[in-house]
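In this note's numbering, each residue's number is its place in the sequence shown (first place is 1) plus 701. A virtual CB, placed ideally from N, CA and C, is assigned to each residue, including glycine. A short write-up of the structure that comes next.
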Amino acid sequence: MTTAAKYAEFAAREAHGVSPTYERLARAVSRDEQVLALLGTLPPIKRQPNLLFGVVRFLGGPVEDPAAFHDYTVENWPAIEAEMRTRATQTNEAGRCAVLLPVLAALPQPLALLEVGASAGLCLYPDRYAYRYGDHMIGSGEPVLECVATGVAPPASVPDVVWRAGLDLNPLDVTDSADVAWLDALIWPEHAHRRARLQAAAAIAAAEPPLLMRGDLVDDLPALAAQAPTGATLVVFHTSVLYQVPAPRREAFAEVVRGLPGHWIANEAPDVLPYDALPNPPGAALYNVLALDGTPLAWTRTHGQKIIWFA
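Structure follows, in structure tokens:
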């Protein structure tokens, strides 16, 4: 798929109905030969919309007006390029815990959580957040993660987590203002509720930081998993991470994680982690597939705002 096509697809499948600003901007970039040519100087994995838009926001550039965005990007390309080459899309959306919760709560307790592609580790605290599934509330305090759940009964309580660790090529520190600023820049412009959620979740993580290891998801996963306490169910999980990993490494990762004790929860796009058979997706929007130990269970939206259980 060409870079232009990727931006057009992002506008139609990810941003449509979710972020009018990014939908408009992505469509404009898909037709902007000058910006596309600049993006063409980057490795393919570095050309993605979320990374470009996040970097421009991080540097203080405009994203609301496509013409102003074009001018800023062309005039400031050396600075933008440098950031895009060194940074990665590390959206650390705590809301994703809402679609993981039904699976986590059903596993043998207590849990030892290990997140691959953990960023700052905000999804390692599913036991500390509150949840609202329609009229059903679970937990208390802030943030409250709202999710539309279809075909699955919300769990009765949050899981019991006794150990939490994360693996990332570039782990972020919620006590570092620059790292939190990067996480904030990755949140889409209209999503004030997600900014408030980030601050609340970051405060929880800062009060009790998780074990975050810099490392590779294949080479370094077994050693970190071996640190999980005995007597707890090891759960290796990841959400919207593997699209940044070359296909051969994804296959190697799957082989490694299947060989570990415990369970594996994957929440990835269906073309990134394919399965033999899936029901038709519920619409044209981009959905992930939630799976447990290689068995697909549900469609989910990428920020955790909806889960549709397979019949």
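Taking the continuous beta strand (DSSP E) assigned at Met785, which residues delimit it?
First-last for Met785: 778-787, but that is the alpha helix (DSSP H), not the beta strand (DSSP E).
Give a yes or no on whether the C-beta atoms belonging to Ala882 and Phe759 are separated by under 8 Å.
Less than 8 Å divides the Cβ of Ala882 from the Cβ of Phe759.
If you reduce the DSSP assignment to three classes, tell me which class Val853 lands in.
Val853 falls in the coil class under three-state DSSP.
How would you call Val849, buried or exposed, if buried means at least 16 neighbouring beta carbons within 10 angstroms?
Exposed is the call here.
Do you know how far the Cα of Ala768 is from the Cα of Ala955?
Going from the Cα of Ala955 to the Cα of Ala768 covers about 43 Å.
Local Cβ density within 10 Å of His939, reported as buried at 16 or more and exposed below that
It counts as buried.
I'd like to confirm the pairing. Which residues does DSSP put opposite Pro975 in its beta bridges?
BP columns for Pro975 are empty, so no partner.
Residue from Leu753, Gly822, Ser731, Gly932 whose Cα sits closest to the Cα of Leu868
Here the closest residue by C-alpha is Gly822.
Could you tell me which residues DSSP pairs with Tyr834 in its beta bridges?
The partner list for Tyr834 (beta bridge, DSSP) reads His837.
Among the candidates Glu734, Thr742, Phe754, Leu739, whose CA atom is the shortest distance from the CA of Ala712?
If we check each option's Cα against that of Ala712, Phe754 comes out closest.
Give me the DSSP bridge partner(s) of Thr649.
The structure shown has nothing for residue 649, since the chain only spans 702 to 1012.
Range of the contiguous alpha helix (DSSP H) that encloses Asn751
Looking at the DSSP string, the run of the alpha helix (DSSP H) that includes Asn751 is 750-759.
Could you check whether the stretch 929-948 touches the stretch 885-893, counting it as contact only if at least three pairs of C-beta atoms, one from each stretch, sit closer than 8 Å?
With a cut-off of 8 Å, the stretch 885-893 and the stretch 929-948 do not count as touching, because too few Cβ pairs lie within range.
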